[in-house]
Amino acid sequence: MMMIIKTSAIIFLMATMSLSAWAQKKTAVSSNAKMDAFINALMKKMTLEEKIGQLNLLTSDMAVTGPTMNKDYLNDIKEGRCGGIFNAFTPEYVRKLQEVAVNDTRLHIPLIFGFDVIHGHKTIFPVPLALASTWDTAAIEHVARLSADEASADGLDWVYSPMVDISRDPRWGRVVESAGEDPFLGSAIARAYVHGYQGTNLATDSTVMACVKHFALYGAVEAGREYNDVDMGPRRMFQFYLPTYKAAIDAGVGSVMTSFNTINGVPATGNHWLFTDLLRTQWHFDGFVVSDYNAIAELIPHGVARDKAQAADLAIHAGVDMDMMGMAYITSLKKLVQEGKVSMSLIDNAVKNMLVAKYKLGLFKNPYLRVNDERAQHEIMSPDKLDYARKVGRESIVLLKNARLPGQENQLLPLKKAGTIAVIGPLADDQRDMIGPWSGAGDWHKAVGILQGIKDAVRNDATILYAKGANITNDTSVIRQLNNSGADMQISTESPDDLIKEAVATAQKADVVVMCLGESEGMTGEAASKADIRIPESQRRLLRAIYKTKKPIVLVLSNGRPLVLTWENEHIPSILETWFLGTEAGNSVADVLFGDYDPSGKITMSFPYAVGQIPVYYNELNTGRPRNPDQKYTSKYLDIPNAPLYPFGYGLSYTHFTFSNFTLDKNVMKPGMPMHISVTVTNDGNYDGSETAQLYIRDMVASVAQPVKELKGFQKIFLKKGESKTL
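What the sequence shown shows, in my numbering, is residues -18 to 708, in sequence order.
Right, here's the structure in full:
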């Protein structure tokens, strides 16, 4: 499907614009001069120990997001050994800690408070991979704006988002935090997040500083295994993997987080080329760089540092300003300076970057800017946020398959709010997993499960039956690992066979079965790589048993990565990819299930036909012997297709769209010359709905091999049935 790339005429009102630009420039210069004077004066008063303290980021004990803890953080704040705290929120708690920094330290420098606000703070929105499936950057920016409203109302200044790692390997658990496999779409989404979080003025009580992560190439870890190595040449880096980070930098992101992986043998957190040559010199980044959790200390097991002193030396010279829980800077930098291994100018640059961030956030003017009990009561989980969570949730759902049943005129979906509907599966009556991984301060008890959403939608118009049918998994090794990290996966006391028998009996009483299957939230996210990305075996057994009843089945998937669904696609008539949709998950699913909303999501990461294809992605390079199944010596598998089961940009609808009247204003593209493209989109189906027009190009002859196609434009439009629009 194609779209127009619109261009706008730009009229320069020379006199007015020149005066306005001059005034804005003068104001900015004056503001920066005032800030520089304040910070320079402050730094002259600071001892070496106080400067190093500003580079130390500690966690509170409210939440655990990494392998190390520091129980004495209150004393560290009081002694000036801490510049920021993360995993601390609520006005009461933040006020308590900030008062120690402001009242009990010599120079009264405020703390910066950070937290992993990945897809909402307490109102949880769909996971980022789901949000990307909307192809709606305005909606994503609004999610970030609402998240900033809520996080700032809860005392936070700084959020560890967006994660913009290009992800081509669904075995990697952190694909759930990404926008998928494409740099063009990923860059647009990166900009949307930054603008949403930071707004136009960081020094307001409702904006937060964003932190783009993980710099760099974390999505390309070998074999999709967490924290693994990345081996990549510069052309692939700059063409596919680096553009999303650059987009966030150009959008004005205030901070950058390092990645855990090595890059061609050099750990990112100690990589001078990455953070100084590329980020600072080439890209002109002027914010601050923070390590990921304990990443500086982990230069030791990486084998490039013998101890924390050498690790600190490598990181500070690389350009890492702040040490998150590595305790390397606070224990080693003073001695490194005294020994002449680290210059004072290097320390001062890092400290200034931190103080500038606090100044821009308005913390020197008011350390309690984002500490407001009244705002917290008004903003957190407010009706407008819950309404938007439901809205963007249903827009994130992707219809993967919708077939007609034998002898039926219509496709199985949408369902009617009538008859008897069996809702079966371990993820049906499950609030905990609906909010997904990295759900911040979200309370899963307040989430709407799928079963509840269906019941609320049909009210008394249909009979709803329920059976759990299976545990999410019966693999004791997986259960043990997940529960060790606090997942608290619940296992039924009934035997697997008894659960299936009960589910089969329930299905036999119904007119249609809604199967709610997939992954638990702990099966995706950080430290959740998987070699087998099919639906877990316990659930596949259940699905096969229900399939044998010959009842119509709608498969509703809850998961955080592309799954291998080859059997399901062949045997199940209708499949909805609903991801982890957040607080309003059940209501969003019901809206689509019963046709109150036409599904419009498009996947942004290819679903493999088989694990053996991975990595599989749409913008691959061609070979000298392109696939030809009728010839032996061509690039192909003997046993499966080359193509994924569901490709990038794929997603069905209840209605039907036709593209026509495609026109170009010229036949040849030249550098620097715009090309005007138009196309007419018509909704000629039976439902109102939204469609995403996607523009792809291919350079057929180039100096180096180019992808078989590349996304270069997209536009989402809403059309009533029978309506047409020219883009």
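The beta-carbon is built from N, C-alpha and C at its ideal position, and this holds for glycine as well.
This structure is a prediction, so every number in the text was calculated from the model and none was measured.
Kindly list the residues whose CB is nearer than 8 Å to the CB of glutamate 549, restricted to its own chain and excluding five residues on each side of it in sequence; keep chain order. To locate residue 549, count along the sequence shown from 1; it is residue 568. Within the same chain, Ile516, Leu524, Leu536 and Ile556 come within 8 Å of glutamate 549 by CB-CB distance, once the 5 residues on both sides are set aside.
Taking 8 Å as the cut-off, decide whether the C-beta atoms of isoleucine 277 and aspartate 258 are in contact. Locating residue 277 in the sequence shown gives position 296, counting from the first residue. Locating residue 258 in the sequence shown gives position 277, counting from the first residue. Against a cut-off of 8 Å, the Cβ pair of aspartate 258 and isoleucine 277 comes out as no contact.
Cut-off 8 Å between Cβ atoms - residues of its own chain near serine 159, not counting five sequence neighbours on either side: Against the sequence shown, residue 159 aligns to sequence position 178. In the same chain as serine 159, and ignoring 5 residues on each side of it, the C-beta atoms closer than 8 Å to its own belong to Pro109, Leu110, Ala113, Met144, Val145, Asp146, Ile147, Ser148, Gly167, Gly200 and Met586, in chain order.
Specify the secondary structure class of arginine 385 as computed by DSSP and reduced to three states. Working through the sequence shown from its first residue, we reach residue 385 at position 404. If DSSP states are grouped into helix, strand and coil, arginine 385 belongs with the strands.
Using DSSP with H/G/I as helix, E/B as strand and the rest coil, what is isoleucine 416? Position 435 of the sequence shown, counted from the first residue, corresponds to residue 416. DSSP places isoleucine 416 in helix when its eight states are reduced to three.
Work out the CA separation of alanine 119 and lysine 701 for me, nearest whole Å. The residue labelled residue 701 in the question sits at position 720 within the sequence shown. The residue labelled residue 119 in the question sits at position 138 within the sequence shown. Within the model, the alpha-carbon separation for lysine 701 versus alanine 119 is close to 21 Å.
When you compare only the Cα positions, how much space is there between threonine 225 and aspartate 210? Looking up residue 225 in the sequence shown gives position 244. Looking up residue 210 in the sequence shown gives position 229. Taking the straight line joining both Cα atoms gives about 20 Å.
Could you give the first and the last residue of the continuous alpha helix (DSSP H) run that contains methionine 744? Outside the displayed range of the chain (-18 to 708) lies residue 744, so it cannot be described from this structure.
Between the region 650 to 667 and the region 626 to 636, do three or more beta carbon pairs fall short of 8 Å? Contact holds: three or more Cβ-Cβ distances are below 8 Å.
Rounded straight-line distance, which links the Cα of phenylalanine 269 to that of alanine 338: Taking the first residue of the sequence shown as position 1, residue 338 is located at position 357. Taking the first residue of the sequence shown as position 1, residue 269 is located at position 288. Going from the Cα of alanine 338 to the Cα of phenylalanine 269 covers about 7 Å.
Threonine 644 burial status per 10 Å Cβ neighbour count (16 or more: buried): Working through the sequence shown from its first residue, we reach residue 644 at position 663. The residue is exposed, with fewer than 16 neighbouring Cβ atoms inside 10 Å.
Close Cβ partners of valine 545 (< 7 Å) along its chain, the five nearest in sequence each way excluded: Working through the sequence shown from its first residue, we reach residue 545 at position 564. If we look at valine 545 and ignore the five residues flanking it on each side, its Cβ neighbours are Ile514, Arg515, Pro589, Ala591 and Val592.
Report yes if the C-beta distance between arginine 375 and serine 240 is below 8 Å; otherwise report no. Locating residue 375 in the sequence shown gives position 394, counting from the first residue. Locating residue 240 in the sequence shown gives position 259, counting from the first residue. No, they are not a contact pair.
Delimiting residues of the alpha helix (DSSP H) encompassing glutamine 35: Taking the first residue of the sequence shown as position 1, residue 35 is located at position 54. Per DSSP, glutamine 35 belongs to the alpha helix (DSSP H) from 29 to 35.
Which full runs of the alpha helix (DSSP H) of 4+ residues lie inside the region 64 to 91, going along the chain? 72 to 85, all fully within the region 64 to 91.
By the 10 Å Cβ neighbour count, where 16 or more other Cβ atoms means buried, how is glycine 284 classified, buried or exposed? Along the sequence shown, one-based indexing puts residue 284 at 303. For glycine 284, the number of other beta carbons within 10 angstroms of its own is below 16, and it is reported as exposed.
Buried or exposed: which applies to tryptophan 3, given that a residue is buried once 16 or more other Cβ atoms fall within 10 Å of its Cβ? As a working mapping, residue 3 is identified with position 22 in the sequence shown. For tryptophan 3, the predicted structure reports a pLDDT of 47, less than 50, and the residue's modelled location is therefore unreliable. The matter cannot be settled from this model.
Within the region 146 to 213, ranges of the beta strand (DSSP E) (whole runs, at least 3 residues): Listed in chain order, they are 192 to 196.
Minimum length 3: unbroken beta strand (DSSP E) runs contained in the region 333 to 389: 379 to 383, all fully within the region 333 to 389.
Can you tell me which of the three DSSP states lysine 398 falls into? Taking the first residue of the sequence shown as position 1, residue 398 is located at position 417. Reduced to three states, the DSSP call for lysine 398 is coil.
What are the boundary residues of the beta strand (DSSP E) that serine 539 is part of? Taking the first residue of the sequence shown as position 1, residue 539 is located at position 558. For serine 539, the uninterrupted beta strand (DSSP E) run begins and ends at 534 to 539, by DSSP.
So, are the CB atoms of valine 189 and leucine 137 less than 8 Å apart? For this step, residue 189 is matched to residue 208 along the sequence shown. For this step, residue 137 is matched to residue 156 along the sequence shown. Yes, Cβ-Cβ distance for valine 189 and leucine 137 is below 8 Å.
What did DSSP end up calling leucine 137 once you bin it into helix, strand or coil? On the sequence shown, residue 137 is found 156 positions in, with the first residue counted as 1. Here leucine 137 sits in coil by DSSP.
Who pairs with phenylalanine 269 in a beta bridge, going by DSSP? Translated into positions along the sequence shown, residue 269 becomes position 288. Note: phenylalanine 269 sits in a beta bridge opposite Ser236.
Is the beta carbon of leucine 314 less than 8 Å from the beta carbon of isoleucine 90? Sequence index remark: in the sequence shown, residue 314 carries index 333 (1-based). Sequence index remark: in the sequence shown, residue 90 carries index 109 (1-based). The answer is no: Cβ separation not under 8 Å.
Starting from isoleucine 99, trace the beta strand (DSSP E) in both directions and tell me its first and last residue. Residue mapping note: residue 99 aligns to position 118 of the sequence shown, counting from 1. Looking at the DSSP string, isoleucine 99 is not in any beta strand (DSSP E), and its letter there is neither H nor E.
Could you say which of Gly233, Asp212 and Arg371 lies nearest to glycine 101 if we only look at CA atoms? Position 120 of the sequence shown, counting from 1, holds the residue named residue 101. Distance from the Cα of glycine 101 is smallest, within the candidate group Gly233, Asp212 and Arg371, for Arg371.
Among Met470, Asn391, Thr401 and Leu381, which has the Cα closest to the Cα of aspartate 411? Translated into the one-based positions of the sequence shown, residue 411 becomes position 430. Out of Met470, Asn391, Thr401 and Leu381, Met470 has the C-alpha closest to the C-alpha of aspartate 411.
Residues in its own chain within less than 8 Å of threonine 547 by CB, not counting five upstream and five downstream? Residue 547 sits at position 566 when you count from the first residue of the sequence shown. Same-chain partners within the cutoff: Tyr590, Ala591 and Leu626.
When DSSP labels each residue in this structure, what does proline 282 get in the three-state scheme? Taking the sequence shown and counting its residues from 1, one reaches residue 282 at position 301. Proline 282 sits in a helix when the DSSP states are folded into three classes.
Delimiting residues of the alpha helix (DSSP H) encompassing alanine 438: Numbered from 1 along the sequence shown, position 457 holds the residue referred to as residue 438. Boundaries of the alpha helix (DSSP H) harbouring alanine 438: 431 to 439, taken from the DSSP string.
Could you check whether serine 671 and threonine 707 sit closer than 8 Å to each other, using their CB atoms as the reference points? For the purposes of this step, residue 707 is taken as residue 726 along the sequence shown, with counting starting at 1. For the purposes of this step, residue 671 is taken as residue 690 along the sequence shown, with counting starting at 1. Their beta carbons are not under 8 Å apart, which means threonine 707 does not touch serine 671 by this criterion.
Rounded straight-line distance, which links the Cα of phenylalanine 221 to that of leucine 29: Against the sequence shown, residue 29 aligns to sequence position 48. Against the sequence shown, residue 221 aligns to sequence position 240. Cα-Cα distance, rounded: 42 Å.
Tell me which residues share the same chain as proline 164 and place their Cβ nearer than 7 Å to its Cβ, disregarding the 5 neighbours each side in the sequence. As a working note, residue 164 is residue 183 in the sequence shown. In the same chain as proline 164, and ignoring 5 residues on each side of it, the C-beta atoms closer than 7 Å to its own belong to Ile147, Phe221, Pro224 and Thr225, in chain order.
By alpha-carbon positions, which one of Lys341, Gly630, Gly180 and Asp42 ends up nearest to alanine 14? Against the sequence shown, residue 14 aligns to sequence position 33. Checked all of Lys341, Gly630, Gly180 and Asp42; the closest Cα to alanine 14 is Lys341.
Is there contact between the region 443 to 456 and the region 392 to 406, where contact requires at least three CB pairs shorter than 8 Å? Because the criterion of three Cβ pairs below 8 Å is met, the region 443 to 456 and the region 392 to 406 touch.
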